[in-house]
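Novice: To convert a position in the sequence shown, counted from 1, into this note's numbering, add 1.
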Amino acid sequence: MFNKNTPGPEPGVHTAIVTPFRGGRIDTDAFSRLLGIQRASNVAGVVVLGTTGESPTVSPGERTELIRIAKSVLGGKKQLTVGCGCSDTEKTVRTVKRAAALGADFALVVTPYYNRPSQRGLLRHFITVADASPVPVIVYNVPSRTGVDVSAQTLSVLAGHPNIVACKEASTDMQSVTEKIRTVPLDFFCGSDTLLYHFLSLGAKGGVCVCSNIAPDLTCGIVDGFLSGEVEAAREAFFRMLPFLSALGCDVNPVPIKALLGCAGLISPEVRQPLCGLTEEKRSALLIAAAEAGVYEK
2 MFNKNTPGPE
12 PGVHTAIVTP
22 FRGGRIDTDA
32 FSRLLGIQRA
42 SNVAGVVVLG
52 TTGESPTVSP
62 GERTELIRIA
72 KSVLGGKKQL
82 TVGCGCSDTE
92 KTVRTVKRAA
102 ALGADFALVV
112 TPYYNRPSQR
122 GLLRHFITVA
132 DASPVPVIVY
142 NVPSRTGVDV
152 SAQTLSVLAG
162 HPNIVACKEA
172 STDMQSVTEK
182 IRTVPLDFFC
192 GSDTLLYHFL
202 SLGAKGGVCV
212 CSNIAPDLTC
222 GIVDGFLSGE
232 VEAAREAFFR
242 MLPFLSALGC
252 DVNPVPIKAL
262 LGCAGLISPE
272 VRQPLCGLTE
282 EKRSALLIAA
292 AEAGVYEK
C-alpha cells in the first residue's frame, strides 16, 4: 500500500487547533469559524484532537463530529492531521482507522502514556499501528506529558517503516533534539512554540503550533520565511513573538490560548475538567504580552 516515497506533511505551519466548548458541549459554530480562519491563512495544515484539542475529554461521537466538520471546512485546501494515540495499541489502531475513514490525511500518534513502555515496547506499538493504518503516521514525542522519550535509535528504526513519515518532537532537551534531527531520516516538526526557531535552524520542516490559533500568518512569517531563506527576518519575527510565546506557557495548554481566543470573541474560553480557566492575574499578563506582540488588540 505504501512505499519509501510516501509523502509526509507539507513543510510549514500546522495549527494544533483548539476544541471549543460551550455549556459542556462542542461549539460547532465556533469550531467551523476557527477552521475558516485557518483555511484563509497561509498555514499548511490543521491538527485536530491533539493535546491542544483536549482529546482525552472528547467522546468517540464527538471525535467523529469534529473530524467531519474539519474535513468539510478545509475542503482539501489544507492538510488534515488527526490525533489518534492512546495507551492501548489496539484502541489506537481502531482510532486511526476511523480517522482515516473520515478523511484524515495523517494520523498523529502519541507515545503511550502512564504505562510507560520500554523502547522495545515503543517500537512494537508504532510498527503495529503503522502496519494497520490506511494513512501515513506521524510519531508524536512529548515526554513532559507521557513520561516516555522516544530515543534517536528507536526513531531511526521507525524511520525505516514506509508508513511512518514524520515526527512531531515536543522535547525541550535540545541536545537530544539535535541528535535526533542529525541522525534520523524523518521530517521533524517542532511541538514547542518557544523553540520554533531553534528547531528550524537544526533542519526541522516546520511546526505544529499553538500560537497559530490566534496568529496564523505571523507564525507562518517565521516558518515560511526561514524555509525560503529569509533567515534574519524570520529570526527577528521570532524574537518579537517570543515573549508572547512564553506567556502562552503561563498555564497548561490549551488553557491560555483558549482564554486569548475567548478575549478575541472567537470562542468561549471554556475547558473541560480536570482543566480549569486562567486566573485573572495570568489572563491580564497574557493579554499584555499578546498586545505587545501584535496578535491581540486590547
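Ideal Cβ positions, reconstructed from N, Cα and C, are used throughout, including at glycine.
Taking the CB atoms as reference points, tell me whether residue 136 and residue 108 lie closer together than 8 Å.
Specialist: Taking the sequence shown and counting its residues from 1, one reaches residue 136 at position 135. Taking the sequence shown and counting its residues from 1, one reaches residue 108 at position 107. Cβ distance < 8 Å, so residue 136 and residue 108 count as in contact.
Novice: What residue range does the beta strand (DSSP E) around residue 165 cover?
Specialist: As a first step, residue 165 is located in the sequence shown; it is residue number 164 there, counting from the start. Per DSSP, residue 165 belongs to the beta strand (DSSP E) from 165 to 170.
Novice: Pull up the distance between the alpha-carbon of residue 92 and that of residue 292, whole angstroms please.
Specialist: As a position in the sequence shown, residue 92 is number 91, starting the count at 1. As a position in the sequence shown, residue 292 is number 291, starting the count at 1. Cα-Cα distance, rounded: 43 Å.
Novice: Kindly list the residues whose CB is nearer than 6 Å to the CB of residue 21, restricted to its own chain and excluding five residues on each side of it in sequence; keep chain order.
Specialist: Within the sequence shown, the letter at position 20 stands for residue 21. Correct list, in chain order: 28, 31, 32 and 268.
Novice: Could you give the distance in angstroms between the alpha-carbon of residue 105 and the alpha-carbon of residue 212?
Specialist: Here the question's residue 105 lines up with position 104 in the sequence shown. Here the question's residue 212 lines up with position 211 in the sequence shown. If you take the alpha carbons of residue 105 and residue 212, they lie about 22 Å apart.
Novice: Between residue 68 and chain B, is any beta-carbon pair separated by less than 8 Å?
Specialist: The question asks about chain B, but that chain is absent: this structure has only one protein chain.
Novice: Rounded to whole angstroms, what's the CA-CA distance from residue 230 to residue 224? Just pull it up for me.
Specialist: Residue 230 sits at position 229 when you count from the first residue of the sequence shown. Residue 224 sits at position 223 when you count from the first residue of the sequence shown. Distance between the alpha carbons of residue 230 and residue 224 is about 10 Å.
Novice: May I ask you to verify whether the segment 170 to 181 touches the segment 140 to 160, counting CB pairs closer than 8 Å and requiring at least 3?
Specialist: At 8 Å Cβ cutoff, the stretches touch.
Novice: Taking just the CA atoms, how far does residue 117 sit from residue 130?
Specialist: Indexing the sequence shown from 1 puts residue 130 at position 129. Indexing the sequence shown from 1 puts residue 117 at position 116. Their Cα atoms are separated by approximately 17 Å.
Novice: Would residue 255 be called buried (16 or more neighbouring beta carbons within 10 Å of its own) or exposed?
Specialist: Along the sequence shown, one-based indexing puts residue 255 at 254. It is buried - the Cβ of residue 255 has at least 16 other Cβ atoms within 10 Å.
Novice: I need the straight-line Cα distance from residue 3 to residue 163, nearest angstrom please.
Specialist: Your numbering for residue 3 matches position 2 in the sequence shown. Your numbering for residue 163 matches position 162 in the sequence shown. Reliability of the predicted coordinates at residue 3 is poor, the pLDDT of 48 falling under 50, and no value is obtained from them.
Novice: Assign residue 78 to one of two classes, buried (16 or more other C-beta atoms within 10 Å of its C-beta) or exposed (fewer than that).
Specialist: Within the sequence shown, numbered from 1, the residue matching residue 78 stands at position 77. Residue 78 comes out exposed.
Novice: Run the CB neighbour count on residue 295, radius 10 Å, all protein chains shown included, and call it buried at 16 or more, exposed below.
Specialist: Position 294 of the sequence shown holds residue 295. Counting Cβ neighbours within 10 Å, residue 295 comes out exposed, since fewer than 16 surround it.
Novice: If we ignore side chains and look at the alpha-carbon of each, how far apart do residue 16 and residue 169 end up?
Specialist: Counting from one through the sequence shown, the residue named residue 16 turns up at place 15. Counting from one through the sequence shown, the residue named residue 169 turns up at place 168. Straight-line Cα distance between these residues: approximately 12 Å.
Novice: By DSSP, does residue 3 sit in helix, in strand, or in coil?
Specialist: Stepping through the sequence shown from its first residue, residue 3 is reached at position 2. Bear in mind that a pLDDT of 48 at residue 3, under 50, signals an unreliable position, so the number given afterwards is only what the model happens to contain. Correct three-state label for residue 3: coil.
Novice: Just checking, does the segment 59 to 71 make contact with the segment 93 to 104 on the three C-beta pairs under 8 Å criterion?
Specialist: Cβ pair count under 8 Å is three or more, so yes.
Novice: Taking 8 Å as the cut-off, decide whether the C-beta atoms of residue 39 and residue 217 are in contact.
Specialist: Translated into the one-based positions of the sequence shown, residue 39 becomes position 38. Translated into the one-based positions of the sequence shown, residue 217 becomes position 216. A contact, by the Cβ cut-off of 8 Å.
Novice: Among the residues of its own chain, which have a CB less than 6 Å from the CB of residue 111, if the five just before and after it don't count?
Specialist: Start at 1 with the first residue of the sequence shown, and residue 111 comes out as number 110. Counting only Cβ-Cβ distances below 6 Å, and skipping sequence neighbours, we find 86 and 141.
Novice: Spatial neighbours of residue 149 within its chain, please: CB distance less than 6 Å, with the 5 preceding and 5 following residues excluded, ordered by chain position.
Specialist: Here residue 149 refers to the residue found at position 148 of the sequence shown. If we look at residue 149 and ignore the five residues flanking it on each side, its Cβ neighbours are 112 and 117.
Novice: What is the DSSP secondary structure of residue 143, counted as helix, strand or coil?
Specialist: Taking the first residue of the sequence shown as 1, we reach residue 143 at position 142. Reduced to three states, the DSSP call for residue 143 is coil.
Novice: Measure the C-alpha to C-alpha separation of residue 300 and residue 194 and round it to an integer number of angstroms.
Specialist: An answer regarding residue 300 cannot be provided, because it is not within the stretch 2 to 299 covered by the chain.
Novice: Going by DSSP, which residues form a beta bridge with residue 17?
Specialist: To locate residue 17, count along the sequence shown from 1; it is residue 16. According to DSSP, residue 17 bridges with 48.
Novice: So, with DSSP's three-state summary, where would you put residue 1?
Specialist: Examination of residue 1 is not possible in this model, given that the chain is present from 2 through 299 alone.
Novice: Where are the beta strand (DSSP E) runs, 3 residues long or more, that stay fully inside the segment 72 to 145, in chain order?
Specialist: Taking only runs of at least 3 residues, the beta strand (DSSP E) segments lying wholly in the segment 72 to 145 are 80 to 84, 107 to 111 and 138 to 142.
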